[in-house]
Each structure stands twice: as C-alpha cells, then as structure tokens.
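Okay, so here's the structure we're looking at.
In the working numbering, the protein residues as written are 158 to 268.
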C-alpha cells in the first residue's frame, strides 16, 4: 500500500489542479508555455515552505543549455532531425521527505 505525505504544495500548488488545467493544456501555445512556467516557478517557491522539506534532484542548467544549443546548431545545419535522448549528471538533494521509516517523525506515513 502506498501512502503519500500531503503537504501544502500538494494542496495548493499541484500542476494538474483544476484551476490551471485549462490554461496549461489550451490550444494557444503562448498561453500554455507562460502558464507552465509560472506554475513551476510558483511550485519551486512554495516548496521551500513545505513540511517535511521535499527531496529534489539538482540537474545542471548549464549542461542542459549547452546540449540544447548543440541540438539547435546541428538542426540549423541540417543535421539533427530526430528525437534526442541524453542523460545528465544529477545530484540527489535529500531532505526530510526522504528518511528511514524508523527515524521518521511522520510515522503514520510510509512508502
């Protein structure tokens, strides 16, 4: 059985909440991208205040930017045409939401 810790970000900042669903998944691309960006920014800001603090994965924005630029340059030269898959080095940032069950102060929740 899987139990999920319900935090403020789950209650108020869920990316698929009904309040955001229509604008994120609308047919207007500009509207969709602007709303996804604002929802993600808001979720990242609110995540600092959740209890327990959420464990996250840190991925280098610089590496992603370099790869995106390489794809763009290659595409402009007529090279790259398909879907690209790349794995970036990442770092797990453990916080209170990732702990041994017996050490957890949230003993009523488990995964």
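Cβ atoms here follow ideal geometry from the backbone N, Cα and C, with glycine treated the same way.
Limits of the beta strand (DSSP E) - the one that residue i falls within
i	result
residue 251	Careful: residue 251 lies outside any beta strand (DSSP E) and carries neither H nor E.
residue 213	213-216
Contact set for residue i: own chain, Cβ-Cβ below 6 Å, skip 5 residues either direction
i	result
residue 255	212
residue 250	213 and 215
residue 248	215
Close-in-space but distant-in-sequence residues of the same chain around residue i (CB under 7 Å, 5 per side omitted)
i	result
residue 178	Residue confidence is low: residue 178 scores 44 on pLDDT, short of 50, so the model does not pin down where it sits. Its coordinate-derived value is still stated next. So the list is empty, once near-sequence residues are dropped.
residue 210	252, 253 and 254
residue 235	none
Of the listed residues the options, nearest to residue i (C-alpha basis)
i	options	result
residue 243	217, 224 and 206	224
residue 228	218, 240 and 219	240
residue 246	233, 218 and 210	218
Cβ-based burial, residue i [other Cβ within 10 Å; buried from 16]
i	result
residue 207	buried
Contacting residues, own chain, Cβ-Cβ under 8 Å from residue i (five flanking each side not counted)
i	result
residue 237	228 and 231
residue 220	245 and 246
Reduced DSSP category for residue i - H, G, I as helix; E, B as strand; rest coil
i	result
residue 236	coil
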